[in-house]
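A.B. asks:
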Amino acid sequence: MAKFSFDDADDDPPAAASGSEKRKREDGPDEAAAGGGPPKARIFADRGGGPEGGAVVGAERAEGSGRKAVETVVGGEADGISVRIDPDVLDCSICFEPLRPPLYQCQNGHVACFSCWSRLSNKCHICSNEANFVRNIALEKVVESVKSACSYAKWGCSKLVSYSLRNAHEESCLFSPSKCPIPGCGYRGFTGWWSGHFHTNHNNDSLRFSCGQCFKVSLEISVPFLVLLSEDDHLFLLLNKNVMPYGHVLSVGCLRTGNLNWNFFYEMKATSEGNTENSLQLKAAVTNTRDWRGLHPTEAFLLVPYAFCRSGKLTLFVSIERVADVR
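Position in the sequence shown (first residue = 1) + 2 = our numbering.
(1) Classify G158 as helix, strand or coil using the three-state DSSP reduction.
(2) Considering C118, what are the terminal residues of the alpha helix (DSSP H) in which it resides?
(3) To which residues of the same chain is F310 closer than 7 Å at the C-beta, ignoring the five residues directly before and after it?
(4) Label V113 either buried or exposed according to how many other C-beta atoms from any shown protein chain fall within 10 Å of its C-beta, with 16 as the threshold for buried.
(5) Around the Cβ of W157, are there at least 16 other Cβ atoms within 10 angstroms (buried) or fewer (exposed)?
(6) Measure the Cβ-Cβ separation of G214 and I322 and say whether it is below 9 Å.
(7) Helix, strand or coil: which one does DSSP assign to F200?
(8) For N277, tell me which candidate among F267, R312, L252 has the shortest Cα-Cα distance.
(9) Determine the direct distance from the alpha carbon of L297 to that of N242, and round the result to whole angstroms.
(10) Please report the straight-line C-alpha distance between T300 and M270, rounded to a whole angstrom.
(11) At the level of alpha carbons, what is the spacing between K125 and G188?
(12) Report back the beta-carbon spacing between H236 and V306 to the nearest angstrom; my notes put them in contact at under 8 Å.
(13) Below 8 Å CB to CB, which residues in the same chain sit around C256 once its five sequence neighbours on both sides are set aside?
(14) Is L252 near L231, with beta carbons less than 9 Å apart?
(15) Skipping 5 residues on each side, what residues in its chain have a beta carbon closer than 6 Å to that of Y308?
(16) I need the DSSP call for V219, collapsed to helix, strand or coil.
(17) May I have the straight-line CA-CA distance separating L162 from L282, to the nearest angstrom?
(18) Once the 5 residues before and after S212 are set aside, which same chain residues still bring their CB inside 6 Å of it?
(19) Classify A287 as helix, strand or coil using the three-state DSSP reduction.
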């Protein structure tokens with residue numbers, strides 16, 4: 003088994019990857035052209051076997067580096083070498099995206115991704131020499147063989163993905179963090195972290211409850227959603243949408259990350275202010291989502307007429323239950 007360790011991990015919750023938030027290197031092409039040259043690989047080799055199967059997030063610091071290391075596993079042989087390599091070596095020095103075959107180089111060995119080379123007009127971006135670019139088959143094999151642990155490994159993701167596809171995987175990873183639904187808040191968190199965040203930053207913007215117990219909600223009709231925090235730190239949204247000329251559409255969603263090994267169901271009852279004997283009731287499955295982007299469930303919802311909330315508030319009785327997924 004060969005293990006590659008990339009110096010790009012962090013103990014804090016990593017931000018979700020996105021095309022507009024790519025890592026920018028301290029040594030860009032201009033500095034390299036000034037004499038620094040392309041980034042050098044820092045290699046640490048250790049003969050012998052390693053733990054079979056899996057990959058772990060390490061907290062070991064690389065020598066001469068302020069960044070921490072992420073260990074990744076390549077190959078399936080029990081006897082091999084452990085290697086630490088600077089991730090810059092596997093990234094394009096122009097666009098800073100992970101290198102993907104086919105890879106081309108100039109006569110001096112300077113490499114960039116194919117899409118960047120195609121725009122260089124046969125002139126190397128580092129040495130500025132006229133160049134007849136050729137394939138670098140050896141580096142292509144290295145890039146294809148390196149498999150990196152997901153940045154969210156310690157939050158439960160056990161997948162080993164190709165380094166060149168790591169960003170794409172993390173954008174859709176089930177264990178990537180959810181964005182706080184409060185407008186203007188840029189916090190991204192995981193199930194189990196919400197209570198502390200809301201207690202510190204949005205203490206008056208949430209309602210706490212216990213699963214399986216009915217609780218009363220007085221919802222202002224102008225509020226698009228109300229945050230509900232369960233005792234096990236799941237974050238639910240009581241969604242409210244004004245649909246003229248009919249009334250208010252109500253539903254419940256849950257911001258969830260990780261394995262969805264249980265389901266949530268909710269019951270909601272709305273009573274009329276004019277006549278408490280008039281009521282509407284719904285029982286439905288909670289809609290799961292990683293981030294709420296203003297979309298409302300369309301399969302199940304409770305439509306409450308305007309006559310139920312003449313004072314500007316809706317009186318609701320809500321209960322949420324958790325049921326194990328037996329599939």
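Cβ atoms here follow ideal geometry from the backbone N, Cα and C, with glycine treated the same way. Quick caveat, the model's predicted, so the values are computed rather than measured.
C.D. replies: In brief:
(1) coil
(2) Unbroken alpha helix (DSSP H) run through C118: 116 to 119.
(3) A272, S274, E275, L316
(4) buried
(5) buried
(6) yes
(7) helix
(8) R312
(9) 11 Å
(10) Distance between the alpha carbons of T300 and M270: 16 Å.
(11) 42 Å
(12) About 25 Å; that fails the 8 Å criterion.
(13) H236, L237, F238, L239, F266, V288, T289, N290, T291
(14) The Cβ atoms of L252 and L231 do not sit closer than 9 Å to each other.
(15) G249
(16) strand
(17) 49 Å
(18) E233
(19) strand
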